[in-house]
């Protein structure tokens with residue numbers, strides 16, 4: 003029988019997140035709603051501390067496994083879909099697609115980061131909260147590549163500003179980026195841009211700053227995980243190699 007370990011003891015919301023049950027914010031809501039019990043006693047305190055490997059944690063009658071099976075999915079998000087669990091305005095969400103897929107019985111998955119409504123492409127889902135937090139931590143500098151069509155033809159100065167960093171309207175200066183595969187199409191330019199940060203609508207704001215608004219935006223890779231031929235609106239499991247590469251990246255940081 004395992005004994006309590008000070009190294010494993012965390013707050014109850016953190017434990018629910020670490021066990022892959024839900025996000026920490028949703029966990030806090032469940033605890034205050036009185037649907038979480040520890041060792042047979044309902045807990046409403048957000049500061050209550052537990053050892054996830056030892057304590058018996060039950061949420062809404064479901065006993066949480068102490069050895070969680072982690073799941074990793076890649077979703078090809080269509081444009082027009084919002085990255086949220088539910089939408090007050092009734093718009094289609096990524097969870098509508100998840101619940102309609104063969105993974106609908108796989109509960110407690112969450113998106114790693116987000117894509118804005120008008121952007122399509124690669125979006126990871128998992129119940130591995132530790133990996134998710136590491137990949138979305140700004141300090142990780144995790145690379146993401148986008149396929150872009152913008153208005154006008156990018157001249158040398160515009161290209162230089164994109165790759166060296168641009169000061170946006172809010173005063174934030176972007177980190178250096180990798181620009182490649184430029185191809186002019188009449189009055190527009192098709193290109194790929196890799197960034198290592200993820201500010202709100204960053205790509206669109208970068209191109210607006212140089213006077214070339216984005217017409218089309220799709221994320222085609224997240225680190226080693228490539229969108230490839232995955233059909234729009236569908237999911238696939240990550241390969242063992244992709245999972246290992248993601249873990250290797252985070253352990254190197």
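Residue numbers (our numbering): 3 to 255.
Each residue gets a CB set at the ideal place from its N, CA and C atoms; glycine is no exception.
Small disclaimer: the values here were computed from a predicted structure and weren't measured.
Straight-line CA distance for residue i to residue j?
i, j, result
"residue 140", "residue 233", "29 Å"
"residue 191", "residue 161", "11 Å"
"residue 11", "residue 28", "20 Å"
"residue 112", "residue 215", "31 Å"
"residue 182", "residue 167", "15 Å"
"residue 105", "residue 132", "21 Å"
"residue 201", "residue 57", "38 Å"
"residue 226", "residue 244", "6 Å"
"residue 159", "residue 213", "12 Å"
"residue 86", "residue 203", "16 Å"
"residue 115", "residue 138", "6 Å"
"residue 32", "residue 38", "7 Å"
Per DSSP, residue i forms a beta bridge with which residues?
i, result
"residue 161", "None; residue 161 has no bridge partner."
"residue 148", "195 and 221"
"residue 169", "175"
"residue 186", "191"
"residue 64", "61"
Tell me the residue span of the alpha helix (DSSP H) that contains residue i.
i, result
"residue 287", "In this structure the chain extends from 3 to 255, so residue 287 is not present and cannot be described."
"residue 29", "26-34"
"residue 59", "That residue, residue 59, is in no alpha helix (DSSP H); its beta strand (DSSP E) goes 59-61."
"residue 19", "14-20"
In the structure shown, what three-state DSSP assignment does residue i receive?
i, result
"residue 142", "helix"
"residue 215", "coil"
"residue 253", "helix"
"residue 243", "helix"
"residue 40", "strand"
"residue 93", "coil"
"residue 100", "helix"
"residue 228", "strand"
"residue 153", "strand"
"residue 137", "helix"
"residue 209", "helix"
"residue 48", "coil"
"residue 181", "strand"
Whose C-beta lies closer than 6 Å to the C-beta of residue i among residues of the same chain, with five residues either side of it excluded?
i, result
"residue 94", "83"
"residue 220", "122, 123 and 149"
"residue 180", "196"
"residue 206", "216"
Ignore the nearest five residues each way along the sequence and tell me which others in residue i's own chain have a CB closer than 7 Å to its CB.
i, result
"residue 224", "124, 126 and 146"
"residue 169", "175"
"residue 117", "79, 85, 123, 125 and 221"
Residue range of the beta strand (DSSP E) that residue i falls in?
i, result
"residue 126", "122-128"
"residue 237", "237-239"
Flag residue i as yes when its Cβ comes closer than 8 Å to any non-hydrogen atom of the ligand NAP, and as no otherwise.
i, result
"residue 100", "In the structure on display, the ligand NAP does not appear, and there are no ligands present to speak of."
Excluding five sequence neighbours on each side, which residues of the same chain lie with their C-beta closer than 8 Å to the C-beta of residue i?
i, result
"residue 222", "123, 124, 147, 148, 149, 194, 228 and 229"
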